[in-house]
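J.:
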Amino acid sequence: MAQYRCNLGGELFRFDSLGEVMAKATPGRSGDALAGLIAGSDVERVAAQMVLADLPLKDFLSQALVPYETDEVTRLIMDSHDTAAFAPVSHMTVGQFRDWLLSDKATAPVLKSLAPGLTPEMVAAVSKLMRNRDLIAVARKIDVVTGFRSTLGLPGRIGSRLQPNHPADDLKGIVASTLDGLSYAVGDAVIGINPATDNIPTAMSLLSMLDELIARYEIPTQSCVLTHVTNSIEIMNRGAPLDLVFQSVAGTQAANDGFGVTLSMLKEAHEAALSLNRGTVGNNVMYFETGQGSALSAEAHHGIDQQTLEVRAYAVCRAFDPLIVNTVVGFIGPEYLYDGKEIIRAGLEDVFCGKLLGLPMGCDVCYTNHAEADQNDMDVLMTLLADARAHFLIAVPGADDIMLNYQSLSFHDLAYLRNSFGLKAAPEFETWLEGMGLINDHGHLIDSGQGAQRLLEAAS
Amino acid sequence: MSDIAKDPWAKLRAATPARIGLGRSGAGLPTSDNLDFQFAHARARDAVHSALDVAALEQQLAGHEVIHVTSAAPDRASYLRRPDLGRRLGAGEAAKLPTQPCDLMFVIADGLSSAAVQTHAAAVIAAALAKLAGLAIGPVVIATQARVAIGDEIGQAIRARLTVLLVGERPGLTVADSLGAYLTYGPEPGIKDSARNCLSNIHAKGGMSYDLAAEKIAWLTRAALRMELTGTGLKEEADPAEIPDASDATQALNTPQT
Numbered sequence: 040m041a042q043y044r045c046n047l048g049g050e051l052f053r054f055d056s057l058g059e060v061m062a063k064a065t066p067g068r069s070g071d072a073l074a075g076l077i078a079g080s081d082v083e084r085v086a087a088q089m090v091l092a093d094l095p096l097k098d099f100l101s102q103a104l105v106p107y108e109t110d111e112v113t114r115l116i117m118d119s120h121d122t123a124a125f126a127p128v129s130h131m132t133v134g135q136f137r138d139w140l141l142s143d144k145a146t147a148p149v150l151k152s153l154a155p156g157l158t159p160e161m162v163a164a165v166s167k168l169m170r171n172r173d174l175i176a177v178a179r180k181i182d183v184v185t186g187f188r189s190t191l192g193l194p195g196r197i198g199s200r201l202q203p204n205h206p207a208d209d210l211k212g213i214v215a216s217t218l219d220g221l222s223y224a225v226g227d228a229v230i231g232i233n234p235a236t237d238n239i240p241t242a243m244s245l246l247s248m249l250d251e252l253i254a255r256y257e258i259p260t261q262s263c264v265l266t267h268v269t270n271s272i273e274i275m276n277r278g279a280p281l282d283l284v285f286q287s288v289a290g291t292q293a294a295n296d297g298f299g300v301t302l303s304m305l306k307e308a309h310e311a312a313l314s315l316n317r318g319t320v321g322n323n324v325m326y327f328e329t330g331q332g333s334a335l336s337a338e339a340h341h342g343i344d345q346q347t348l349e350v351r352a353y354a355v356c357r358a359f360d361p362l363i364v365n366t367v368v369g370f371i372g373p374e375y376l377y378d379g380k381e382i383i384r385a386g387l388e389d390v391f392c393g394k395l396l397g398l399p400m401g402c403d404v405c406y407t408n409h410a411e412a413d414q415n416d417m418d419v420l421m422t423l424l425a426d427a428r429a430h431f432l433i434a435v436p437g438a439d440d441i442m443l444n445y446q447s448l449s450f451h452d453l454a455y456l457r458n459s460f461g462l463k464a465a466p467e468f469e470t471w472l473e474g475m476g477l478i479n480d481h482g483h484l485i486d487s488g489q490g491a492q493r494l495l496e497a498a499s
Numbered sequence: 014m015s016d017i018a019k020d021p022w023a024k025l026r027a028a029t030p031a032r033i034g035l036g037r038s039g040a041g042l043p044t045s046d047n048l049d050f051q052f053a054h055a056r057a058r059d060a061v062h063s064a065l066d067v068a069a070l071e072q073q074l075a076g077h078e079v080i081h082v083t084s085a086a087p088d089r090a091s092y093l094r095r096p097d098l099g100r101r102l103g104a105g106e107a108a109k110l111p112t113q114p115c116d117l118m119f120v121i122a123d124g125l126s127s128a129a130v131q132t133h134a135a136a137v138i139a140a141a142l143a144k145l146a147g148l149a150i151g152p153v154v155i156a157t158q159a160r161v162a163i164g165d166e167i168g169q170a171i172r173a174r175l176t177v178l179l180v181g182e183r184p185g186l187t188v189a190d191s192l193g194a195y196l197t198y199g200p201e202p203g204i205k206d207s208a209r210n211c212l213s214n215i216h217a218k219g220g221m222s223y224d225l226a227a228e229k230i231a232w233l234t235r236a237a238l239r240m241e242l243t244g245t246g247l248k249e250e251a252d253p254a255e256i257p258d259a260s261d262a263t264q265a266l267n268t269p270q271t
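Which chain is which? The protein sequence lines are A and B, in order. Following the working numbering, the numbering of the first sequence begins with 40 at its first residue and continues without gaps. Following the working numbering, the numbering of the second sequence begins with 14 at its first residue and continues without gaps.
#1: Run through DSSP, which three-state label would A/N171 get?
#2: Give the DSSP-derived three-state secondary structure of B/V153 in the structure shown.
#3: Please confirm whether B/G193 has its beta-carbon closer than 7 Å to some beta-carbon of chain A.
#4: If you draw a straight line from the C-alpha of A/S142 to the C-alpha of A/V404, how long is it?
#5: Would you tell me roughly how many angstroms separate the C-alpha atoms of A/A235 and A/L47, rounded to the nearest one?
#6: For B/T44, return the contacting residues in chain A, with the cut-off set at a CB-CB distance below 7 Å.
#7: Taking only beta-carbon positions, decide if B/G185 is within less than 7 Å of chain A.
#8: Going along chain B, which residues have a C-beta under 7 Å from A/I441?
#9: Would you kindly work out how many angstroms separate the C-alpha atoms of A/L265 and B/A146, rounded to a whole number?
#10: For the beta strand (DSSP E) that A/G53 lies in, which residues bound it at each end?
#11: Here's a check: name, in chain order, each residue in its chain whose Cβ is nearer than 8 Å to the Cβ of B/Q264, leaving out the five neighbours to either side.
#12: Taking Cβ-Cβ distances shorter than 9 Å, what residues in chain A pair up with B/V61?
#13: Whole-angstrom Cβ separation of A/L70 and A/Y353, contact assumed at under 8 Å?
#14: Using a C-beta to C-beta distance shorter than 7 Å, which residues of chain B count as neighbours of A/K211?
#15: Return helix, strand or coil for A/F327, following the three-state DSSP convention.
#16: Residues of chain B with a CB under 7 Å from the CB of A/S216: which are they?
#17: Applying a beta-carbon distance threshold of less than 9 Å, which residues of chain B neighbour A/N458?
#18: Please list, in chain order, the residues of the segment 57-91 of chain A that have any C-beta partner in chain B closer than 9 Å.
#19: One question on the structure: do B/H133 and B/L192 come within less than 7 Å of each other, judged by their Cβ atoms?
#20: Which residues in chain C sit within 9 Å of B/R94, going by Cβ to Cβ distance?
#21: For A/A497 and A/Y445, what's the separation of their Cα atoms in angstroms?
#22: Would you mind giving the Cβ-Cβ distance between A/A23 and A/R196, rounded to the nearest angstrom? I have them listed as a contact below 8 Å.
#23: Show which residues of chain B have a CB atom less than 7 Å away from the CB atom of A/H451.
#24: Can you tell me the Cβ-Cβ gap for B/R183 and B/L238, rounded? I've got them flagged as a contact below 8 Å.
#25: Tell me the start and end of each unbroken beta strand (DSSP E) in the segment 208-249 of chain A that is at least 3 residues and wholly inside, in chain order.
#26: Does any residue of chain A have a CB that is nearer than 7 Å to the CB of B/W22?
#27: Run through chain B and tell me which residues come within less than 8 Å of A/G437, C-beta to C-beta.
#28: Under 7 Å between C-beta atoms, does A/C45 make it to chain B?
#29: How many Å lie between A/L477 and A/L153 at the Cα?
#30: Looking at C-alpha atoms only, which residue of A/I441, A/V435 and A/L443 is the closest neighbour of A/E452?
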């Protein structure tokens, strides 16, 4: 067994495995403590970070943290690694890689061509050596552009998912929330519903309603009902108007088993959705959700820390050219991310790691009522994520999701990011908003309410 | 009209309990809506963090044999961070539980909302017992800093054939005192959640009424004792009127709440 050692302040620290170094180098969070993987002291954490900083990036290609033989996510990572793309950084240690990422040598085009050469474990490792500002500074440099009926990820813009959930899937109620969101210029990334009743007939009626609404207003956006991938396959077979295939994914095969999903299912769904040709400006047809702690929650973590496993989930996502990937950062509860500080750190890590791997990474900036967090923490995280150029953020009416019983951002918060920082919606969507009289040429909401009135009249 | 941009859709509010049509102050929430939200969140947090008034609950349960035990979680902060501790009895607590073989027993766990337990638990037990004549009923055990699985250790110690555990559910902004009920046949530590039957959303704000909850508990109890099981095997025969549980509809991620 490999031995990693660090003599720090007269004390010798030993780590028995690469997984242990990774876990103990991770900034503290409740989920790693729950799993018994967290550093025993702050000094031990720094010792692990020092060991990690001196490890060659190449080591991650020869040492699998989760066994290759028994885990299809590991096989996907190893088998799809692009050696040529990796070459520019192949001689570096993790610490040198951090320095290089922060340097002016790591430009947007350089980072884009590097992405296929990076494995999730390398990216997770370097993130553990980075402060929040480092994560933002590098994430901000990375361009990821995707498209379906709108083009997402362009400089100076931030997308949004309009989430109009209703506890009884009531169509009128969902329309009401959708129109409310559109009036706040929200919804260019997707209008996406979490169904309260997760079955095929419900999903089909919701999809038909959204399809009709998008067609009537000629909105350059896409819809999604967040139902299981096998339901989406069946829905496509039955000919319902499905734009995007949704699936929650995790970083180990065992955790994905818990979600009832395999890579071959995702491949089948991806191909089916591509064949529908429903996009106009692009053909990214997948929507994935992830979140730190899902593998531990499914008792499928293999002794690996939750942040590293989260980044492994991104390897699953990137195999299917998604339109959007969303880390549901504070949803899973305080036993995984205890408070605002941990949630903010995790949100920044996830967006940095996802973008570095080339993903259209967004975030559900959110928390539950038993977490030590409130809307002030969400204000901080959304502002930082806008700075980090997150692909999109999620918003619900008044920050209160009445179906899933947690708090996300409000439609107002997207308006804040547009007004205060000049960030715009997707260009196609922006043109539509202007045409509807909802925003002015600065992208700000128009106070008169006439645009909103027009939306309402067309609905009735 | 003030600076607040008027929202023309306020009338659509009737279609959904969502916070639509709030209007805005610039890009911000109007002061009154912001304060409404703060109030709802404060109430939900208080429900999570307030300690259960055990003495008051015991008074509500007057006439029953009541035993109070604590979990292995020493305080609320540990309870929230360490779900495993909330699922086990604290050191020495098992000694408070006398062997008393019975058909069923009620366990009251504070869970994530002491308010739910304080408000609804005694009433649900009274309503259920009225429909459970002829069965041998064990003592009522109140467990604090407790999650659902603590009932397994308790039921095993008492030797109850079935536990009916009432627990405070994770508070939402609209309802902070929602009660859940978990029925577990043959309770013993290590039992899987799929081997339980669950009712949820028992509360007074449009949730399941005490009478309906009692009816379902009684139906499930008699069916469980007859079939000698709970969980997925029993659920398939459950009353089709069973109300779907919004708080459990977390298809985004599997959030453990118990």
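From the three backbone atoms N, C-alpha and C, an ideal C-beta is built for every residue, glycine too.
T.: With the structure as the only source:
#1: Numbered from its first residue, the first sequence carries residue 171 of chain A at position 132. Of the three classes helix, strand and coil, the one that applies to A/N171 here is helix, per DSSP.
#2: Here residue 153 of chain B refers to the residue found at position 140 of the second sequence. Of the three classes helix, strand and coil, the one that applies to B/V153 here is strand, per DSSP.
#3: Position 180 of the second sequence holds residue 193 of chain B. With 7 Å as the cut-off, B/G193 does not count as an interface residue toward chain A.
#4: By 1-based counting over the first sequence, the position of residue 142 of chain A is 103. By 1-based counting over the first sequence, the position of residue 404 of chain A is 365. One C-alpha to the other measures close to 29 Å.
#5: Residue numbering aside, residue 235 of chain A sits at position 196 when the first sequence is read from its first letter. Residue numbering aside, residue 47 of chain A sits at position 8 when the first sequence is read from its first letter. The straight-line gap from Cα to Cα measures roughly 53 Å.
#6: Here residue 44 of chain B refers to the residue found at position 31 of the second sequence. Chain-order list of chain A residues neighbouring B/T44: empty, with the shortest C-beta distance near 13 Å, by a criterion of under 7 Å.
#7: Locating residue 185 of chain B in the second sequence gives position 172, counting from the first residue. It does; some Cβ of chain A falls within 7 Å.
#8: Along the first sequence, read from residue 1 onward, the residue named residue 441 of chain A stands at position 402. Correct list: P30, A31 and T187.
#9: Counted from its first residue, the first sequence places residue 265 of chain A at position 226. Counted from its first residue, the second sequence places residue 146 of chain B at position 133. Rounded to the nearest angstrom, the gap between the Cα atoms of A/L265 and B/A146 is 45 Å.
#10: Locating residue 53 of chain A in the first sequence gives position 14, where the first residue counts as 1. Note on identity: in this sequence residue 53 of chain A is Arg, with Gly being the wrong assignment. In this chain, the beta strand (DSSP E) harbouring A/R53 covers E50 to F54.
#11: Mapped onto the second sequence, residue 264 of chain B falls at position 251. Its pLDDT being 33, under 50, B/Q264 is placed unreliably in this model, and the value from its coordinates should be taken loosely. Nothing meets the Cβ criterion.
#12: What you label residue 61 of chain B is simply residue 48 of the second sequence in a count that begins at 1. Ordered by position in chain A, the residues that pass the 9 Å Cβ test against B/V61 are N408 and H409.
#13: On the first sequence, residue 70 of chain A is found 31 positions in, with the first residue counted as 1. On the first sequence, residue 353 of chain A is found 314 positions in, with the first residue counted as 1. It should be pointed out that residue 70 of chain A corresponds to Gly in this sequence rather than to Leu. Actually they do not touch by this definition, with Cβ atoms about 18 Å apart.
#14: Sequence index remark: in the first sequence, residue 211 of chain A carries index 172 (1-based). The contacting residues are A28.
#15: Translated into the one-based positions of the first sequence, residue 327 of chain A becomes position 288. DSSP places A/F327 within a strand segment (E or B) once states are collapsed to three.
#16: The residue labelled residue 216 of chain A in the question sits at position 177 within the first sequence. Near A/S216 (Cβ distances below 7 Å), the residues of chain B are T29, A31 and I33.
#17: Taking the first residue of the first sequence as position 1, residue 458 of chain A is located at position 419. Among the residues of chain B, those whose CB is under 9 Å from the CB of A/N458 are G39 and A40, following chain order.
#18: Residues of the segment 57-91 of chain A with a Cβ closer than 9 Å to any Cβ of chain B, in chain order: S69, A72 and L73.
#19: Within the second sequence, residue 133 of chain B is the residue found at index 120, counting from 1. Within the second sequence, residue 192 of chain B is the residue found at index 179, counting from 1. Against a cut-off of 7 Å, the Cβ pair of B/L192 and B/H133 comes out as a contact.
#20: Looking at the structure shown, chain C is missing, and the protein chains on hand are A and B.
#21: The sequence position of residue 497 of chain A within the first sequence is 458, counting from 1. The sequence position of residue 445 of chain A within the first sequence is 406, counting from 1. Going from the Cα of A/A497 to the Cα of A/Y445 covers about 31 Å.
#22: No information on residue 23 of chain A is available, as it lies outside the stretch 40 to 499 that chain A covers here.
#23: One-based indexing of the first sequence puts residue 451 of chain A at position 412. Result: R37, A40, G41 and L42.
#24: Here residue 183 of chain B corresponds to residue number 170 of the second sequence, with the count starting at 1. Here residue 238 of chain B corresponds to residue number 225 of the second sequence, with the count starting at 1. Rounded to the nearest angstrom, the Cβ distance from B/R183 to B/L238 is 30 Å, too far for a contact under 8 Å.
#25: Scanning the segment 208-249 of chain A for uninterrupted beta strand (DSSP E) segments of 3 residues or longer gives 229-232, listed from N- to C-terminal end.
#26: Taking the first residue of the second sequence as position 1, residue 22 of chain B is located at position 9. True, the Cβ-Cβ gap to chain A drops below 7 Å.
#27: Stepping through the first sequence from its first residue, residue 437 of chain A is reached at position 398. A31, R32, I33, L35, L42, D46 and F50, listed in chain order.
#28: Within the first sequence, numbered from 1, the residue matching residue 45 of chain A stands at position 6. False, the Cβ-Cβ gap to chain B never drops below 7 Å.
#29: As a position in the first sequence, residue 477 of chain A is number 438, starting the count at 1. As a position in the first sequence, residue 153 of chain A is number 114, starting the count at 1. Take the alpha-carbon of A/L477 and the one of A/L153: they are about 40 Å apart.
#30: Here the question's residue 452 of chain A lines up with position 413 in the first sequence. A small fix is needed here, since residue 452 of chain A is Asp in this sequence, not Glu. Closest option to A/D452, judged by alpha-carbon separation, among A/I441, A/V435 and A/L443: A/V435.
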